[in-house]
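Residue numbers (our numbering): 50 to 408. Where is the CB? At the ideal position from N, CA and C, for every residue including glycine. Presented below is the structure to which this report refers.
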Ligand code: SAH
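Shown next, in the form of structure tokens:
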């Protein structure tokens, strides 16, 4: 086997190399984090960009076996934030110079939903003099819908593949055409053709998932040539079918540690993409997102969802910031980021350097 030091200096990585990175413990692990940090600084600098996250509806037509807001979970009170509430959150983001917002929701594809998102995009652009960047995270849609939304002002899209292993994908979703790996993959390709900056990602520490799967996930991200990645630990939710397997899981701390190594390894593999410090990290470790920022991540998504709705957007247990309003969240974030030594990129879109270079 190669010395670990040598491995860290490579610019290209085989599956075995990635497996070694993901297996790193003790001193090796610290060196991996150090290296990821310096690769980040060299390639994209020290700035963290904010994306104000607005979870505008939890109404979902899908039944993903891991997700707390899956269609069959009848304990969830379904909501749809009003246009005024959404625009208010956007105005907050704009006035506080967040640069951009993410509109996320359950997955619907009715003409009413498609039209509503379209109208919202235009309104958000309007209220901010075209200044706010808008990322969408509204699941699989037709290429036509993606195109329409792009034309109305969205320029980035997040759609996690969840797992790049089709067999594992099948195990964590109901077996029907509506939850189809091939279709999700096609959606990612459609997004790319439309001209979006495309983000995807996976959950880390799923039942049945191996470290080989995770190394393959990293290779998948590279091969798809994505511009942005959001990935975080899987966290069980008691009102979901996957909860049955809770005793087979790694501990939360192990899943957290693996998620950090995934972020660091991905930074070595794709030096100039945007990587989010996933909210799920914070559900395990109060300083989880900051830890990710110090080792390779450069994007943070402060939650701007109106407080009353937050408890109904519980994708997993212990989701943080349920009771803080946006202002409080911002102050606490600023202080936290200062501690990481990163600088906040106020008022900038913070587009993926990787995407810009391709253009
Ligand atoms: N409906 C949109 C947004 C989904 S929610 C879509 O389909 O893309 C955003 C992400 O939360 C999901 O992609 C999934 O990766 C993550 N998520 C859902 N349940 C989770 C859980 N139990 N633990 C950790 N992450 C989870």
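Taking the alpha-carbon positions, what's the residue 353 to residue 387 distance?
If you number the chain shown from 1, residue 353 lands on position 304. If you number the chain shown from 1, residue 387 lands on position 338. In a straight line, the C-alpha of residue 353 is about 20 Å away from that of residue 387.
Which same chain residues end up closer than 7 Å to residue 350 when comparing Cβ atoms and leaving out the 5 residues on each side of it in sequence?
If you number the chain shown from 1, residue 350 lands on position 301. So the qualifying residues of the chain are 100, 102, 151, 325 and 328.
For the beta strand (DSSP E) containing residue 106, list its first residue and its last residue.
Counting from one through the chain shown, the residue named residue 106 turns up at place 57. Its beta strand (DSSP E) spans residues 96-106.
If you follow the alpha helix (DSSP H) that residue 151 is part of, which residue opens it and which one closes it?
Sequence index remark: in the chain shown, residue 151 carries index 102 (1-based). Note, residue 151: premise wrong, no alpha helix (DSSP H); beta strand (DSSP E) at 149-154.
Contact check, residue 277 vs residue 246 under 8 Å by CB: the rounded distance?
Sequence index remark: in the chain shown, residue 277 carries index 228 (1-based). Sequence index remark: in the chain shown, residue 246 carries index 197 (1-based). Yes, residue 277 and residue 246 are in contact; Cβ-Cβ is about 6 Å, under 8 Å.
What separation, rounded to the nearest whole angstrom, lies between the Cα atoms of residue 140 and residue 77?
Here residue 140 refers to the residue found at position 91 of the chain shown. Here residue 77 refers to the residue found at position 28 of the chain shown. The alpha-carbon atoms of residue 140 and residue 77 are separated by roughly 45 Å.
Count the CB pairs spanning the stretch 179-193 and the stretch 67-77 that are closer than 8 Å, and state whether there are at least three.
As far as the Cβ criterion goes, the stretch 179-193 does not touch the stretch 67-77, which means the pair count is below three.
Under a Cβ-count criterion, where at least 16 other Cβ atoms within 10 Å of its own Cβ denotes burial, should residue 215 be classed as buried or exposed?
In the chain shown, the residue the question calls residue 215 occupies position 166. Exposed, because fewer than 16 other Cβ atoms sit within 10 Å of the Cβ of residue 215.
Hey, out of 104, 202, 253 and 148, whose CA is closest to residue 188's CA?
Stepping through the chain shown from its first residue, residue 188 is reached at position 139. Checking every option, the nearest Cα to that of residue 188 belongs to 104.
When you compare only the Cα positions, how much space is there between residue 240 and residue 66?
Numbered from 1 along the chain shown, position 191 holds the residue referred to as residue 240. Numbered from 1 along the chain shown, position 17 holds the residue referred to as residue 66. Between residue 240 and residue 66, the C-alpha separation is close to 30 Å.
For residue 391, tell me which candidate among 275, 304 and 345 has the shortest Cα-Cα distance.
The residue given as residue 391 occupies position 342 in the chain shown. Cα-wise, what sits closest to residue 391 is 345.
Grouping DSSP H, G and I as helix and E and B as strand, with all else coil, what is residue 278?
Translated into positions along the chain shown, residue 278 becomes position 229. Residue 278: strand per DSSP, three-state reduction.
Which residues in the same chain as residue 223 place their Cβ atom closer than 6 Å to its Cβ, once the five residues preceding and following it in sequence are excluded?
For the purposes of this step, residue 223 is taken as residue 174 along the chain shown, with counting starting at 1. The answer, listed in chain order, is 112.
Identify the continuous beta strand (DSSP E) that holds residue 246 and give its terminal residues.
Along the chain shown, read from residue 1 onward, the residue named residue 246 stands at position 197. Residues 246-249.
Just the C-alpha distance for residue 266 and residue 68, rounded to the nearest angstrom, thanks.
Translated into positions along the chain shown, residue 266 becomes position 217. Translated into positions along the chain shown, residue 68 becomes position 19. Each residue's Cα considered, the two are about 11 Å apart.
In whole angstroms, what is the alpha-carbon distance linking residue 131 and residue 157?
In the chain shown, the residue the question calls residue 131 occupies position 82. In the chain shown, the residue the question calls residue 157 occupies position 108. Approximately 16 Å, taken between the alpha carbons.
Measuring CA to CA, which of 190, 186, 202 and 300 is closest to residue 169?
For the purposes of this step, residue 169 is taken as residue 120 along the chain shown, with counting starting at 1. Of the listed residues, the one whose Cα sits closest to residue 169 is 202.
Could you check if residue 249 is buried or exposed, using at least 16 other CB atoms within 10 Å of its CB as the buried criterion?
For this step, residue 249 is matched to residue 200 along the chain shown. Buried, by the Cβ-count rule.
Return the first residue and the last residue of the beta strand (DSSP E) that residue 323 is part of.
Taking the first residue of the chain shown as 1, we reach residue 323 at position 274. Note, residue 323: beta strand (DSSP E), 323-326.
For the beta strand (DSSP E) that contains residue 206, what are its first and last residues?
What you label residue 206 is simply residue 157 of the chain shown in a count that begins at 1. Counting along the chain, the beta strand (DSSP E) containing residue 206 begins and ends at 205-207.
For residue 125 and residue 221, I'd like the C-alpha separation in whole angstroms.
The count along the chain shown starts at 1 and reaches residue 125 at position 76. The count along the chain shown starts at 1 and reaches residue 221 at position 172. Whole-angstrom Cα-Cα distance: 20 Å.
Of all the options 114, 242 and 368, which has the alpha carbon lying nearest to the alpha carbon of residue 338?
Counting from one through the chain shown, the residue named residue 338 turns up at place 289. Of 114, 242 and 368, the residue nearest in Cα terms is 368.
Near residue 257, what residues of its chain come up, given a Cβ to Cβ distance below 7 Å and the 5 sequence neighbours on each side ignored?
What you label residue 257 is simply residue 208 of the chain shown in a count that begins at 1. Correct list, in chain order: 217 and 220.
Can the beta-carbon of residue 340 be found less than 8 Å from the beta-carbon of residue 309?
Looking up residue 340 in the chain shown gives position 291. Looking up residue 309 in the chain shown gives position 260. It is a contact, given that the beta carbons lie within the stated cut-off.
For the candidate residues 114, 213 and 116, whose alpha-carbon lies nearest to that of residue 272?
On the chain shown, position 223 is the one that residue 272 refers to. Among 114, 213 and 116, the Cα nearest to that of residue 272 is on 213.
For residue 235, tell me which candidate among 162, 262, 191 and 143 has the shortest Cα-Cα distance.
Here residue 235 corresponds to residue number 186 of the chain shown, with the count starting at 1. Checking every option, the nearest Cα to that of residue 235 belongs to 191.
Do residue 154 and residue 106 have their C-beta atoms within less than 8 Å of each other?
Position 105 of the chain shown, counted from the start, is the residue given in the question as residue 154. Position 57 of the chain shown, counted from the start, is the residue given in the question as residue 106. Yes. Within cutoff.
Taking 7 Å as the line, does the beta carbon of residue 123 fall inside it for any heavy atom of the ligand SAH?
Taking the first residue of the chain shown as 1, we reach residue 123 at position 74. No, Cβ of residue 123 sits at least 7 Å from all heavy atoms of the ligand SAH.
Give the DSSP bridge partners of residue 211, in chain order.
On the chain shown, position 162 is the one that residue 211 refers to. Residue 211 is bridged to 251.
Short of 6 Å in beta carbon distance, which residues of its chain neighbour residue 89, apart from the five on each side in sequence? Order them along the chain.
Numbered from its first residue, the chain shown carries residue 89 at position 40. Hits under 6 Å: 316 and 345.
Can the beta-carbon of residue 167 be found closer than 8 Å to that of residue 198?
Here the question's residue 167 lines up with position 118 in the chain shown. Here the question's residue 198 lines up with position 149 in the chain shown. Yes, they are a contact pair.
Between residue 253 and residue 71, what straight-line distance do the alpha-carbon atoms span, to the nearest angstrom?
The residue given as residue 253 occupies position 204 in the chain shown. The residue given as residue 71 occupies position 22 in the chain shown. Approximately 12 Å, taken between the alpha carbons.
In chain order, what are the residue ranges of uninterrupted alpha helix (DSSP H) at least 4 long that sit wholly in the stretch 326-401?
Listed in chain order, they are 328-333, 337-343, 356-359 and 375-389.
For the ligand SAH, is there any heavy atom lying closer than 7 Å to the beta carbon of residue 284?
Position 235 of the chain shown, counted from the first residue, corresponds to residue 284. Yes, the Cβ of residue 284 comes within 7 Å of a heavy atom of the ligand SAH.
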